[in-house]
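Numbering-wise, my numbering puts 466 at position 160 of the sequence shown, and it's gapless, one number per residue.
C-beta: ideal position from N, C-alpha, C; glycine also.
Keep in mind that this is a model prediction, so the values were computed, not measured.
Comments concern the structure below.
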Amino acid sequence: MNRTYVKINPPIAELRRFWPSHAIYETLSGENLIERFNVYRCMEQNEPLSSHQQFHPTNNGLRKYEVLLVDIKVGAKLNGNHGIIHGGIISLLFDEAMGWARGIMTHPNDPTVIYVTANLTVNFRAPFMEGSEAVIRVYHDNTVNGKVRFSAVLEAHDGGLVYAEAGGLFLPTKSKL
């Protein structure tokens, strides 16, 4: 299957207006912080934007599909120890990436419904060093009764090194915005 990726340009001005202290786009954005967080929707070549066909087998035989890819670059001021990016920062990157995936998957009929992270599990595989560039691939595992499950991997651009893997559960809730 040929994968293509279409860049999603977030409405930064609107994000700043509604969330002036957003961690990814404000508080931790900049030189030596989160220097790049570019979101790309994954699709099969020549497929319409509304289709999701990037299926991948899982250990239990079920199929999941790649929803999006995030191209990231981190600076030198996000460390936990000895030049290694803090695990909490990595968890934040996964949570934001999965949130974007949930956002592009559906078009809710009720704009007052938002999804929140109910559970996020991260397994660290290799040190993610300061100044690194990598990608996060997010996969939709399933949706049951409105509950959406994702898995994701933080890996080198060539896929040769996995830094961390994550799983997340997102639940719908009524917004007060």
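Just verifying my parser: in three-state terms, what is the DSSP assignment at histidine 377? Just to set this straight, residue 377 is aspartate in the shown sequence, not histidine. Three-state result, aspartate 377: strand.
Do you know offhand how far methionine 435's Cα is from aspartate 464's? Put simply, the backbone Cα of methionine 435 is about 16 Å away from that of aspartate 464.
So with Cβ pairs under 9 Å, would you call arginine 347 a contact of chain B? As a matter of chain content, chain B is missing from the structure shown, which is built from one protein chain.
According to DSSP, is glutamate 436 helix, strand or coil? Of the three classes helix, strand and coil, the one that applies to glutamate 436 here is coil, per DSSP.
What is the rounded straight-line gap between the Cα of glycine 474 and the Cα of asparagine 385? The straight-line gap from Cα to Cα measures roughly 24 Å.
Pick from Tyr469, Phe476, Asn429 and Val441 that is closest to valine 450, judged by C-alpha positions: In terms of CA proximity to valine 450, Phe476 leads the group Tyr469, Phe476, Asn429 and Val441.
Inter-residue Cα distance where the pair is glycine 336 and tyrosine 445: Approximately 28 Å, taken between the alpha carbons.
For the beta strand (DSSP E) containing leucine 460, list its first residue and its last residue. Per DSSP, leucine 460 belongs to the beta strand (DSSP E) from 453-461.
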